[in-house]
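Mapping of the sequence shown onto my numbering: position 132 corresponds to residue 410, and the numbering continues sequentially without gaps. In this text, a Cβ means the ideal position worked out from N, Cα and C, and glycines have one as well. Take a look at the structure below.
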Amino acid sequence: MRNLPTLFFLTAAIFALLGMIWGIQMSATHDHTLSPAHGHLNLIGFVAMSIFGTYYALTPNAASSRLAVVHFAVTTTTVLTLTPGIVLAITEQSESLAQIGSVLAVATMVLFGYIVFRHGVGSANTTKYPDQNIQSHPAQ
Ligand code: HEM
Numbered sequence: 279m280r281n282l283p284t285l286f287f288l289t290a291a292i293f294a295l296l297g298m299i300w301g302i303q304m305s306a307t308h309d310h311t312l313s314p315a316h317g318h319l320n321l322i323g324f325v326a327m328s329i330f331g332t333y334y335a336l337t338p339n340a341a342s343s344r345l346a347v348v349h350f351a352v353t354t355t356t357v358l359t360l361t362p363g364i365v366l367a368i369t370e371q372s373e374s375l376a377q378i379g380s381v382l383a384v385a386t387m388v389l390f391g392y393i394v395f396r397h398g399v400g401s402a403n404t405t406k407y408p409d410q411n412i413q414s415h416p417a418q
């Protein structure tokens, strides 16, 4: 998908905003009980998604693959299951959703590793010296 990097970054910004609002709420109430869930929302939802978005912006071949769209769906689903899953686990209601989210988180990273292995990093058209104006020995 052409706009996949944009999709990753927009989703990352939404997750970051939600995570920050949650952080402010924790600070205001002095109740940090759910901070691990907040941490995972920010780290997978914002940090990992932004790194993935950067990779796809640098590597258009990977971004245009179907597997990259699957990668976006699995990453988003990971955040949407793992975050409430950790809340349920901390409040001792259920561990099932956290377990599902954990498996999805691993799947996200396995997919990312496979896509990087398959497509490498960077544009396929990039030559060793893409900018013809760069001089290897600039005049003093
Ligand atoms: C408005 C922004 C934010 C606020 C107000 C906020 C607030 C908090 C608070 C109050 C805690 C609990 C600290 C404690 O109990 O010791 C916490 C923990 C944490 N936050 Fe944030 N946070 C914000 C943004 C972020 C971002 C952007 C990230 C990551 C990119 C992040 C990652 C974490 C992590 C990893 C923890 C520790 C979780 C744990 O070990 O339980 N936070 N945050």
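Nearest CA to the CA of residue i: which residue from the options?
i, options, result
"PHE286", "GLN303, SER313, THR355, GLY317", "THR355"
"ARG344", "ALA290, ILE393, ALA294", "ILE393"
"ALA326", "GLU373, THR386, HIS397, ARG396", "THR386"
"VAL422", "GLN303, PHE324, ALA335, PHE390", "Because the chain in this structure spans residues 279 to 418, residue 422 falls outside the shown range and cannot be described."
What residue range is occupied by the uninterrupted alpha helix (DSSP H) comprising residue i?
i, result
"ASN320", "313-320"
"ALA376", "374-397"
"HIS349", "344-368"
"ASN339", "338-341"
"GLN371", "Per DSSP, GLN371 belongs to no alpha helix (DSSP H) and is neither H nor E."
Ordered along the chain, which non-local residues of its own chain (more than five positions away) have a Cβ less than 8 Å from that of residue i?
i, result
"ILE368", "THR311, LEU312, PRO314, ALA315"
Between the alpha carbons of residue i and residue j, how many angstroms are there, rounded?
i, j, result
"VAL381", "LEU321", "16 Å"
"ALA341", "ILE329", "13 Å"
"PRO362", "ALA383", "14 Å"
"MET251", "THR332", "The structure shown does not extend to residue 251, since the chain is modelled only from 279 through 418, so no value can be given for it."
Excluding the five sequence neighbours on either side, which residues of its own chain have a C-beta within less than 7 Å of the C-beta of residue i, listed in chain order?
i, result
"PHE350", "LEU282, LEU285, PHE286"
Within the same chain, show all residues whose beta-carbon is closer than 6 Å to that of residue i, passing over the 5 residues directly before and after it, in chain order.
i, result
"HIS397", "THR337, ASN339, ALA340"
"LEU366", "SER372, LEU375"
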